[in-house]
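Count along the sequence shown from 1, then add 24; that gives the number in our numbering.
The beta-carbon is built from N, C-alpha and C at its ideal position, and this holds for glycine as well.
Working notes for the structure below.
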Amino acid sequence: MAPARFITFEGGEGSGKSTQASLLLKRLRAEGIDALMTREPGGSAFAEQIRTLLLDAASAAHGVMAETLLFYAARADHLDKLIRPALAEGRWVVCDRFSDSTLVYQSIAGGLAREVVDALEQMIVAPTIPDLTLVLDVPPELGLRRAVERRQITGAPDAFEMRDLAYHRRLREGFAALTRNEPRRCLLIDGTREREVIATEIWSHVGTLKGTR
25 MAPARFITFE GGEGSGKSTQ ASLLLKRLRA EGIDALMTRE PGGSAFAEQI
75 RTLLLDAASA AHGVMAETLL FYAARADHLD KLIRPALAEG RWVVCDRFSD
125 STLVYQSIAG GLAREVVDAL EQMIVAPTIP DLTLVLDVPP ELGLRRAVER
175 RQITGAPDAF EMRDLAYHRR LREGFAALTR NEPRRCLLID GTREREVIAT
225 EIWSHVGTLK GTR
């Protein structure tokens, strides 16, 4: 049996990461791998309550430091209640967003000093670093159009979807920089293609974790 692995999906709004995370979970289970899917912010009861606060466009105005601390409070509970116990049991964990999103959204695009995120990362996340991070890349104009289409089903836009195009362009640049700076862990995936083509490419990368390539 392959050892437990922690795989995260990252990307801007409407990048298709949630769809690809779900497809990967289904493929893993079909291969007989005990895997679960979770998300951030969220994944535990307390973290889901924080998610509601963070994504609600009607939440009171707040600064990027307060926002970041809320993300890490949710992450601390998520790690303690779900991710670390699952990995300790030998289960694979597929997570829709993780701490790379905080680095890109709140620091690179949001302006918070990098050393603040690095310090929180050491206190709360280390050593639970993903084995593989798949970054879905799409132009922000396309991603936001997809988000609009999705809202026809899910309802109103969240607080991050409502930010201006310049912010979303910084997000794309930030995620691309992440893959350049950490090429052994992070892979940039062209998210503009058909979902089945993307899923096949992702599975080929996951195969290296399974020991099949």
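First and last residue of the uninterrupted beta strand (DSSP E) at residue i
i: LEU211; result: 210-214
i: ILE31; result: 30-35
i: ALA59; result: 59-63
Residues of its chain near residue i, where Cβ-Cβ distance is below 8 Å and the 5 sequence neighbours each way are ignored
i: GLU55; result: LYS234
i: ALA81; result: ALA180, PRO181, ASP182, ALA183, MET186
i: LEU211; result: LEU156, THR157, LEU158, VAL159, THR203, HIS229
i: THR236; result: Below a pLDDT of 50, predicted positions are generally treated as unreliable, and THR236, at 46, falls in that range; the measurement from the model is reported next regardless. None.
i: ARG169; result: GLY38
i: ILE222; result: GLY40, GLN44, LEU160, ILE213, ASP214, GLY215
i: ARG219; result: GLY40, THR43, GLN44, LEU47
Classification of residue i by the beta-carbon crowding that lies within 10 angstroms, buried from 16 upward
i: GLN146; result: exposed
i: LEU127; result: buried
i: ASP101; result: buried
i: ARG175; result: exposed
i: GLY114; result: exposed
i: LEU103; result: buried
i: ASP188; result: exposed
i: ASP58; result: exposed
i: THR92; result: buried
i: GLU37; result: buried
i: GLU34; result: buried
i: ARG194; result: buried
i: ARG196; result: buried
i: ALA190; result: exposed
i: PRO164; result: buried
i: ALA112; result: exposed
i: SER125; result: buried
i: ALA137; result: exposed
i: SER83; result: exposed
Own chain, CB closer than 6 Å to residue i, minus 5 neighbours either side, in chain order
i: ARG209; result: THR157
i: ILE132; result: GLY198
i: SER39; result: LEU160, VAL162, GLY167, GLY215
i: ARG29; result: TRP116, ASP155, LEU233
i: ARG63; result: ASP120
i: TYR129; result: none
i: VAL149; result: SER123
Cutoff 7 Å; reference residue i; Cβ partners in own chain excluding five residues on either side
i: PRO65; result: ALA71, ILE74, ARG75, LEU78, PHE95, ALA98
i: GLU225; result: ILE213
i: PHE122; result: THR32, GLU64, PRO154
i: SER42; result: ASP120
i: ALA45; result: PHE33, MET61, VAL118, ASP120
Run of the alpha helix (DSSP H) containing residue i, from where it starts to where it stops
i: ARG194; result: 189-205
i: ARG219; result: 219-234
i: ALA71; result: 69-79
i: ALA45; result: 41-54
(request) Would you be able to state if there are at least three C-beta pairs under 8 Å between the segment 139-155 and the segment 183-196? (result) no
(message) Taking 8 Å as the cut-off, does the segment 112-119 touch the segment 75-92 (at least 3 CB pairs, one atom from each stretch)?
(response) no
(request) Please list the segments of the beta strand (DSSP E) lying wholly inside the segment 92-170, counting only runs of 3 or more residues, in order along the chain. (result) 116-120, 156-161
(message) Does the segment 95-108 come into contact with the segment 43-51, if we say contact requires no fewer than three beta-carbon pairs (one atom in each stretch) closer than 8 Å?
(response) no
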